[in-house]
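Undergrad:
Number of protein chains: 2
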Amino acid sequence: MPKLVNHEERRRQLAEAAWRIIRREGMEGVSVRSVAQEAGMSLGSLRHYFDTQSELLAFSMKMVSDQVNARMEALEFTDHPVEDIERFIGELMPLDDERHTEAEVWLAFSVKAVTVPELQKLQEEVHSALYEGFTKAIYYLAARGMLKEGVDQRAEAMKLHALVDGLVLHHTTRPEQVSREDIAGLVSSHVRSLLQ
Amino acid sequence: MPKLVNHEERRRQLAEAAWRIIRREGMEGVSVRSVAQEAGMSLGSLRHYFDTQSELLAFSMKMVSDQVNARMEALEFTDHPVEDIERFIGELMPLDDERHTEAEVWLAFSVKAVTVPELQKLQEEVHSALYEGFTKAIYYLAARGMLKEGVDQRAEAMKLHALVDGLVLHHTTRPEQVSREDIAGLVSSHVRSLLQ
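Residue numbers (the numbering used here), protein chains in the order written: chain A, -1 to 194; chain B, -1 to 194.
Laid out in structure tokens, this is it:
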């Protein structure tokens, strides 16, 4: 049987089953048992793919960031740096159903990470990678002489990162108060406020 | 016995026991049983104070916002509107251990709220109250003629709210990457960037 099915594909199916449970019941609904059931698989079969619940959780969490990364890497640079940066940031924001799921699930994993070392490590890596991405975005504008004079680049990278995460948090938890248009518009106007 | 102990005080002790479990084990460690044990009380005694687990959770969550509100209400306005606003926002931020606990516990409740209607309602109320607070802060500056011309007050209130929550999230989950000084400094410089 293992020869007929794609091992990685099965792992992804199990991770997606975990995402569905998280969205429906919250993180505390997730167990190896409930994930196996959600994926229509026996607990014994699940054990072929994940030895422990932490391993399943870490893989499911990593799949969120891999998915976002893949989209970011597919982005191409153009002659319009501001729009490039908006598209880069847009991949992180819940602007369609796929990204909304990612944001909701990522948030649940981030909170879970406080008590699960494997997830904490991943969250730390992703936080650092994103901070680096925001830093590059600010440098990108600076290198083209587009940035306002006297801008503190480290502070602005940290601020843009926090603003984006705050907006994602607000739209994900309170979509009727903070809309998709609000968050896209605020990021866009913020990036433009940095230009000279 | 009920005559000798203060009913509200007991409820608060149980809520604080729930906070400790959340900080130590995450939300999924919380049950009426674990909270009773943490508070050194029998399950039967806990039932005198809370009929259901949801009621216990809602009370514990509300206690966070009540505590923050009480501090905010105690703030007095001075002749320095910018410093007043910084103090108001400071009460929401994890700038000391008490506020760090509040931020960590609030975050866990916010994620739990996605699947628990009682918590969702409270989270919605608090989000609205805070948004109103940020709106008032912007108006406060506008009414004194301190705000830059052409500032979109609704957008700036929403942005300030998201920035503060994003910074709280980053410091709470990644204190070694985003320090207390960083978040206090970024809020301060942001508020000042709105002034003319």
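Quick reminder that beta carbons are idealized off the backbone N, C-alpha and C, glycines included. Values in this document were obtained by computation on a predicted structure and should not be read as measured data.
Consult DSSP for L145(B) and reduce its assignment to one of helix, strand or coil.
TA: If you number the second sequence from 1, residue 145(B) lands on position 147. L145(B) falls in the strand class under three-state DSSP.
Undergrad: In terms of residue numbering, what span does the alpha helix (DSSP H) encompassing M59(B) cover?
TA: Within the second sequence, numbered from 1, the residue matching residue 59(B) stands at position 61. Here the alpha helix (DSSP H) through M59(B) covers Q51 to A72.
Undergrad: Give me, in chain order, the residues of the same chain whose beta-carbon lies closer than 8 Å to that of E116(A); leave out the 5 immediate sequence neighbours on both sides.
TA: Along the first sequence, read from residue 1 onward, the residue named residue 116(A) stands at position 118. Same-chain partners within the cutoff: S52, E53, L55 and A56.
Undergrad: Excluding sequence positions up to five away, which residues of its chain have a Cβ less than 7 Å from the Cβ of V66(B)?
TA: On the second sequence, position 68 is the one that residue 66(B) refers to. Once the five neighbours on either side are set aside, the close Cβ partners of V66(B) are E89, L90 and E100.
Undergrad: Hey, quick one: how far does the alpha helix (DSSP H) through A160(B) stretch, first residue to last?
TA: Position 162 of the second sequence holds residue 160(B). A160(B) -> alpha helix (DSSP H) spans Q151 to T171.
Undergrad: Name, in chain order, the residues that DSSP records as bridge partners for L105(A).
TA: Locating residue 105(A) in the first sequence gives position 107, counting from the first residue. For L105(A), which the question treats as bridged, DSSP gives no partner whatsoever.
Undergrad: Smallest Cα separation from G143(B): which of A153(B), R22(B), Q194(B) and V185(B)?
TA: Numbered from 1 along the second sequence, position 145 holds the residue referred to as residue 143(B). Of A153(B), R22(B), Q194(B) and V185(B), the residue nearest in Cα terms is Q194(B).
Undergrad: What whole-angstrom Cβ distance do A13(B) and S58(B) have, given they're in contact under 8 Å?
TA: Walking along the second sequence from the start, residue 13(B) turns up at place 15. Walking along the second sequence from the start, residue 58(B) turns up at place 60. Their Cβ separation, rounded to whole angstroms, is 4 Å, which keeps A13(B) and S58(B) in contact under 8 Å.
Undergrad: Residues in the same chain with beta-carbon distance under 6 Å from F132(B), minus the five sequence neighbours each way, listed in chain order, please.
TA: Indexing the second sequence from 1 puts residue 132(B) at position 134. Taken in chain order, the residues that qualify are A155, L158 and H159.
Undergrad: Bridge partners of L193(B), per DSSP?
TA: Residue 193(B) sits at position 195 when you count from the first residue of the second sequence. The partner list for L193(B) (beta bridge, DSSP) reads L145(B).
Undergrad: Along chain A, in chain order, which residues have C-beta atoms closer than 8 Å to that of Y129(B)?
TA: Here residue 129(B) corresponds to residue number 131 of the second sequence, with the count starting at 1. Result: Q175.
Undergrad: Thinking C-alpha only, which one of E96(A), S29(A), Y138(A) and D163(A) is nearest V124(A)?
TA: Taking the first sequence and counting its residues from 1, the one referred to as residue 124(A) is at position 126. Nearest option by C-alpha distance: D163(A).
Undergrad: Which chain B residues sit within Cβ distance under 9 Å of D121(A)?
TA: If you number the first sequence from 1, residue 121(A) lands on position 123. The question names Asp, but residue 121(A) in the sequence shown is Gln. Ordered by position in chain B, the residues that pass the 9 Å Cβ test against Q121(A) are T171 and R172.
Undergrad: Anything in chain A within Cβ reach of D180(B), meaning under 7 Å, just list it in chain order.
TA: Against the second sequence, residue 180(B) aligns to sequence position 182. Here the neighbours are M156.
Undergrad: Once DSSP output is grouped into helix, strand and coil, what is the label at P92(B)?
TA: Position 94 of the second sequence, counted from the first residue, corresponds to residue 92(B). Reduced to three states, the DSSP call for P92(B) is coil.
Undergrad: So, are the CB atoms of L165(A) and V109(B) less than 8 Å apart?
TA: Locating residue 165(A) in the first sequence gives position 167, where the first residue counts as 1. Locating residue 109(B) in the second sequence gives position 111, where the first residue counts as 1. For L165(A) and V109(B), no; Cβs fall outside 8 Å.
Undergrad: Return the first residue and the last residue of the alpha helix (DSSP H) that G42(B) is part of.
TA: Within the second sequence, the letter at position 44 stands for residue 42(B). Here the alpha helix (DSSP H) through G42(B) covers L41 to Y47.
Undergrad: Taking the Cβ atom as the reference point for each residue, do Y138(A) and P92(A) lie within a distance shorter than 8 Å?
TA: Along the first sequence, read from residue 1 onward, the residue named residue 138(A) stands at position 140. Along the first sequence, read from residue 1 onward, the residue named residue 92(A) stands at position 94. Not closer than 8 Å, so no.
Undergrad: Can you tell me where the alpha helix (DSSP H) with H5(A) in it begins and where it stops?
TA: On the first sequence, residue 5(A) is found 7 positions in, with the first residue counted as 1. H5(A) -> alpha helix (DSSP H) spans H5 to E23.
Undergrad: With a cut-off of 8 Å, do at least 3 Cβ pairs link the stretch 9 to 28 of chain B to the stretch 16 to 30 of chain A?
TA: Taking 8 Å as the limit for Cβ pairs, the verdict is that the stretch 16 to 30 of chain A does touch the stretch 9 to 28 of chain B.
Undergrad: Does DSSP put T76(B) in a helix, in a strand, or in coil?
TA: The residue you call residue 76(B) lines up with position 78 of the second sequence. Of the three classes helix, strand and coil, the one that applies to T76(B) here is coil, per DSSP.
Undergrad: Taking the alpha helix (DSSP H) that V33(B) falls in, what are its first and last residues?
TA: If you number the second sequence from 1, residue 33(B) lands on position 35. Residues V30 to E36.
Undergrad: How many Å lie between A140(B) and M39(B) at the Cα?
TA: Position 142 of the second sequence holds residue 140(B). Position 41 of the second sequence holds residue 39(B). Computed Cα separation, rounded: 52 Å.
Undergrad: Note down, in chain order, every chain B residue with its Cβ under 8 Å from the Cβ of D95(A).
TA: Residue numbering aside, residue 95(A) sits at position 97 when the first sequence is read from its first letter. Here the premise fails: no neighbours, minimum Cβ distance about 16 Å.
Undergrad: Within a Cβ cutoff of 6 Å, which residues of the same chain sit near H169(A), ignoring the five residues on either side of it in sequence?
TA: Along the first sequence, one-based indexing puts residue 169(A) at 171. Excluding sequence neighbours, H169(A) sits near P92, V176 and I181.
Undergrad: Return helix, strand or coil for E135(B), following the three-state DSSP convention.
TA: For the purposes of this step, residue 135(B) is taken as residue 137 along the second sequence, with counting starting at 1. The displayed chain sequence assigns Ala, not Glu, to residue 135(B). Reduced to three states, the DSSP call for A135(B) is helix.
Undergrad: Can you tell me the Cβ-Cβ gap for S186(A) and E84(A), rounded? I've got them flagged as a contact below 8 Å.
TA: Reading the first sequence from its first residue, position 188 is the one you call residue 186(A). Reading the first sequence from its first residue, position 86 is the one you call residue 84(A). Rounded, the Cβ-Cβ distance is 6 Å, consistent with contact.
Undergrad: Express the C-alpha separation of H188(B) and V149(B) in angstroms, rounding to a whole number.
TA: In the second sequence, counting from the first residue as 1, residue 149(B) sits at position 151. In the second sequence, counting from the first residue as 1, residue 188(B) sits at position 190. Cα to Cα, V149(B) sits roughly 13 Å from H188(B).
Undergrad: Apart from the five residues on each side of it in sequence, which residues of its chain come closer than 8 Å, Cβ to Cβ, to R31(B)?
TA: Taking the first residue of the second sequence as position 1, residue 31(B) is located at position 33. L41.
Undergrad: Of all Cβ atoms in chain A, is any one closer than 8 Å to the Cβ of R163(B)?
TA: Your numbering for residue 163(B) matches position 165 in the second sequence. The sequence given here places Asp at residue 163(B); Arg does not occur at that position. Yes, its Cβ sits closer than 8 Å to a Cβ of chain A.
Undergrad: Once DSSP output is grouped into helix, strand and coil, what is the label at E84(A)?
TA: Taking the first residue of the first sequence as position 1, residue 84(A) is located at position 86. E84(A) falls in the helix class under three-state DSSP.
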